[in-house]
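Below is one structure, written out as structure tokens; comments come after it.
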Amino acid sequence: MINKLVEKIKKTGAPIVVGLDPMLSYIPQHILDKAYAEYGETLEGAAEAVWQFNKEIVDKTYDLIPAVKPQIAMYEQFGIPGLEAFKKTVDYCKSKDLVIIGDVKRGDIGSTSAAYATGHLGKIKVGSKEYVPFGEDFATVNPYLGSDGVNPFIDVCKEEKKGLFILVKTSNPSSGEFQDRLIDGRPLYELVGEKVAEWGAECMGDEYSYIGAVVGATYPEMGKVLRKIMPKSYILVPGYGAQGGKGKDLVHFFNEDGLGAIVNSSRGIIAAYKQEAYAKFGAENFGDASRAAVEAMIADISGALAAK
Ligand SMILES: O=c1ccn([C@@H]2O[C@H](COP(=O)(O)O)[C@@H](O)[C@H]2O)c(=O)[nH]1
7 MINKLVEKIK
17 KTGAPIVVGL
27 DPMLSYIPQH
37 ILDKAYAEYG
47 ETLEGAAEAV
57 WQFNKEIVDK
67 TYDLIPAVKP
77 QIAMYEQFGI
87 PGLEAFKKTV
97 DYCKSKDLVI
107 IGDVKRGDIG
117 STSAAYATGH
127 LGKIKVGSKE
137 YVPFGEDFAT
147 VNPYLGSDGV
157 NPFIDVCKEE
167 KKGLFILVKT
177 SNPSSGEFQD
187 RLIDGRPLYE
197 LVGEKVAEWG
207 AECMGDEYSY
217 IGAVVGATYP
227 EMGKVLRKIM
237 PKSYILVPGY
247 GAQGGKGKDL
257 VHFFNEDGLG
267 AIVNSSRGII
277 AAYKQEAYAK
287 FGAENFGDAS
297 RAAVEAMIAD
307 ISGALAAK
């Protein structure tokens, strides 16, 4: 799957991911009204609105982008209907040939990680039948339980040709509380980065490893150091747009080949119609606003890379 991701990035010229993080407050009223008319003001109604919202955004952007990143928390908040909307979204994105990064941030003791890995990246046998539970291509993994919490994910990736993005340095303001703590004079995130490079070396695709890392756009200096520590790992970079990251901050997340990083924006794309810059589209045309925001993001990042 890493080969497909790299190929799609080269083909689109867009090292970006659209984050499908739907909140009811981002969904235009006409979509909510229609879903509630059909299903009532219920979890089912909310999940239907989420699905219709996602579908329009995917329809308006899929030809520009290599990948999407549905954030499972935004679906879990609507319970079982929300998870059904997550699965429907994954399947729809697959039908559009997009690479799907499940932002699920899982990780536990080995036996539990194995079940998470099966659920998100693998297949499950039930009697004589085999099922694909959620079917993402990549999953985000929390490595802070250590190798035995990560290895079951790697095993499923090897079997299924899938991939991981392992949390190394997260984009949030307090990520330094633990991740920047010094151990033998080195910040913890660097040690985790070294471990990602080690795991990744055993899991090479054609050019890059299918074991990647998450490093926040909000910490460009650390991104520069981590790029060197993990030269063959793709870096998923959240924190662009709504969290303040800009193209010019991100150039050192990329390798000299112009590859090696993929930048996520969620609210900045899916709720673009609420921003002044895209207000002219109006809520009715929110998908067109998202498309314009994707185009602006591509121009920002490729402009910054060209000026590097
Ligand atoms: O360090 C991290 C890891 C994951 N995320 C996730 O990315 C998106 C960001 O959303 P925006 O609306 O573009 O801010 C969201 O799903 C986070 O859970 C992150 O932000 N930082």
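Following the working numbering, the numbering of the sequence shown begins with 7 at its first residue and continues without gaps. Ideal Cβ positions, reconstructed from N, Cα and C, are used throughout, including at glycine.
Which residue comes first and which comes last in the alpha helix (DSSP H) that contains residue i?
{"i": "Glu54", "result": "Leu49 to Thr67"}
{"i": "Val231", "result": "Pro226 to Ile235"}
{"i": "Gly309", "result": "Phe292 to Ala312"}
{"i": "Gly125", "result": "Gly116 to Leu127"}
{"i": "Pro87", "result": "Gly85 to Ser101"}
{"i": "Leu316", "result": "An answer regarding residue 316 cannot be provided, because it is not within the stretch 7 to 314 covered by the chain."}
{"i": "Tyr81", "result": "Ala79 to Glu82"}
My guess is that residue i and residue j are in contact by the Cβ rule of under 8 Å, so how many angstroms apart are they, rounded?
{"i": "Leu170", "j": "Phe159", "result": "6 Å"}
{"i": "Lys175", "j": "Gly133", "result": "Between Gly133 and Lys175 the Cβ distance is about 44 Å, and since that is not below 8 Å, they are no contact."}
{"i": "Glu196", "j": "Val231", "result": "7 Å"}
{"i": "Val105", "j": "Val24", "result": "Actually they do not touch by this definition, with Cβ atoms about 11 Å apart."}
{"i": "Leu242", "j": "Ile107", "result": "7 Å"}
For the beta strand (DSSP E) containing residue i, list its first residue and its last residue.
{"i": "Ala219", "result": "Ser215 to Val221"}
{"i": "Tyr137", "result": "Lys135 to Tyr137"}
{"i": "Tyr240", "result": "Ser239 to Val243"}
{"i": "Lys168", "result": "Segment: none, Lys168 is in no beta strand (DSSP E) and carries neither H nor E."}
{"i": "Ala73", "result": "Ala73 to Pro76"}
{"i": "Gly182", "result": "It is not in any beta strand (DSSP E) - Gly182 instead sits in the alpha helix (DSSP H) that spans Gly182 to Gln185."}
{"i": "Thr146", "result": "Phe144 to Val147"}
{"i": "Val257", "result": "Taken as a continuous stretch (DSSP letters only), Val257 belongs to no beta strand (DSSP E), as it is neither H nor E."}
{"i": "Lys111", "result": "Val105 to Arg112"}
Which value, in whole angstroms, describes the spacing of the CA atoms of residue i and residue j?
{"i": "Pro226", "j": "Gly245", "result": "11 Å"}
{"i": "Lys102", "j": "Tyr68", "result": "7 Å"}
{"i": "Cys163", "j": "Gly128", "result": "8 Å"}
{"i": "Tyr32", "j": "Gln281", "result": "11 Å"}
{"i": "Thr48", "j": "Arg192", "result": "50 Å"}
{"i": "Ala20", "j": "Phe59", "result": "23 Å"}
{"i": "Asp263", "j": "Ala310", "result": "14 Å"}
{"i": "Ile136", "j": "Ala295", "result": "Contrary to the premise, residue 136 reads as Glu rather than Ile in this sequence. Rounded to whole angstroms, Glu136 to Ala295 spans 40 Å at the Cα level."}
{"i": "Ser181", "j": "Thr146", "result": "16 Å"}
{"i": "Gly266", "j": "Tyr240", "result": "5 Å"}
{"i": "Glu82", "j": "Thr124", "result": "18 Å"}
{"i": "Tyr122", "j": "Lys93", "result": "15 Å"}
{"i": "Lys286", "j": "Thr224", "result": "29 Å"}
{"i": "Cys209", "j": "Asp39", "result": "47 Å"}
{"i": "Ile130", "j": "Lys234", "result": "38 Å"}
{"i": "Lys167", "j": "Asp114", "result": "22 Å"}
Is it true that the CB of residue j sits closer than 8 Å to the CB of residue i?
{"i": "Gly116", "j": "Gly155", "result": "yes"}
{"i": "Val110", "j": "Ile78", "result": "yes"}
{"i": "Pro202", "j": "Met236", "result": "The amino acid occupying residue 202 in the given sequence is Val; Pro does not appear at that position. In contact: Val202 and Met236 (Cβ atoms closer than 8 Å)."}
{"i": "Leu173", "j": "Pro149", "result": "yes"}
{"i": "Phe292", "j": "Tyr279", "result": "yes"}
{"i": "Asp27", "j": "Ile276", "result": "yes"}
{"i": "Lys238", "j": "Ser215", "result": "yes"}
{"i": "Ile304", "j": "Leu70", "result": "yes"}
{"i": "Ala43", "j": "Glu54", "result": "no"}
{"i": "Arg273", "j": "Gly247", "result": "yes"}
{"i": "Pro72", "j": "Ile15", "result": "yes"}
{"i": "Gly229", "j": "Asp306", "result": "no"}
{"i": "Met29", "j": "Phe144", "result": "no"}
{"i": "Ala207", "j": "Pro34", "result": "no"}
Is DSSP giving residue i helix, strand or coil here?
{"i": "Asn270", "result": "strand"}
{"i": "Ala248", "result": "coil"}
{"i": "Pro193", "result": "strand"}
{"i": "Ile33", "result": "coil"}
{"i": "Leu38", "result": "helix"}
{"i": "Asp212", "result": "coil"}
{"i": "Leu11", "result": "helix"}
Return yes when at least one heavy atom of ligand 2 lies under 7 Å from the C-beta of residue i, else no.
{"i": "Pro193", "result": "Annotation note on ligand 2: not contained in the displayed structure, which lists ligand 1 as its ligands."}
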